[in-house]
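Asker: Position 123 (the sequence shown) corresponds to 202 in the numbering used here; numbering is contiguous. C-beta atoms are modelled at their ideal positions from N, C-alpha and C, and glycine is treated no differently. What follows is a single structure, and I will ask about it in a moment.
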Amino acid sequence: MTMFTAISHVCIHVRDIAQTMTFYHEALGLPVQYVFHRQGVLFGAYFTISDTNFIEAFQIHHDTHANTGIVHVCLQTQDLDACMRQLASKGVACKPKNKGSAGCLTSWINDPDGNLIELNELTPTCAQLQGGVVNVTW
80 MTMFTAISHV
90 CIHVRDIAQT
100 MTFYHEALGL
110 PVQYVFHRQG
120 VLFGAYFTIS
130 DTNFIEAFQI
140 HHDTHANTGI
150 VHVCLQTQDL
160 DACMRQLASK
170 GVACKPKNKG
180 SAGCLTSWIN
190 DPDGNLIELN
200 ELTPTCAQLQ
210 GGVVNVTW
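In structure tokens, the structure reads:
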């Protein structure tokens, strides 16, 4: 048995926390669990994905972002087509839906800072549910 039960949160740096809050809360529909203030000024937010899974964002004050090694965040949905329609209605551009190398349905979006977000719908035959070997061509 593993000692961990889930990924609690992923933390990202952003240039404009207000713009980030608009994107993650209003466009993606993620509730704001809480916000961070420093000396009375908003500088961070914690967005709820599920009961115990979150995205944390902190505004930084320089123009460049150091690569932390995180390539993308993946958000799972029950209905990718409906998710993509809802995002499009809020002005979020989604890449065309395709079947990923592990067999799930995927699309991709970017947040206002260019952070890559994968949208993912599991399928009955996907490797996430079935295990096995995934052969890739990339």
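With three or more beta-carbon pairs closer than 8 angstroms as the criterion, would you say the stretch 114-125 touches the stretch 166-174?
Answerer: no
Asker: Pick helix, strand or coil for H151, following the three-state DSSP scheme.
Answerer: Coil, per DSSP.
Asker: What residue from G210, L184, Q207 and C205 has the CA that sits closest to L198's CA?
Answerer: L184
Asker: Cβ of I196 within 7 angstroms of Cβ of V150?
Answerer: no
Asker: Just the C-alpha distance for V213 and T204, rounded to the nearest angstrom, thanks.
Answerer: 12 angstroms
Asker: I'd like to confirm the pairing. Which residues does DSSP put opposite H140 in its beta bridges?
Answerer: Per DSSP, none; premise fails for H140.
Asker: Would you give the residue range spanned by the alpha helix (DSSP H) that S168 belongs to?
Answerer: L159 to S168
Asker: Would you kindly check if the distance between the Cβ of F102 and the Cβ of P191 is under 7 angstroms?
Answerer: yes
Asker: Nearest to D158 by CA position, among G210, K176 and D130, is which residue?
Answerer: K176
Asker: Quick check on the DSSP output: the alpha helix (DSSP H) that includes T99 runs from which residue to which?
Answerer: I96 to M100
Asker: Could you compute how far the alpha carbon of A181 sits from the alpha carbon of Q118?
Answerer: 46 angstroms
Asker: Cβ atoms of I134 and V89: under 7 angstroms apart, would you say?
Answerer: Cβ distance < 7 angstroms, so V89 and I134 count as in contact.
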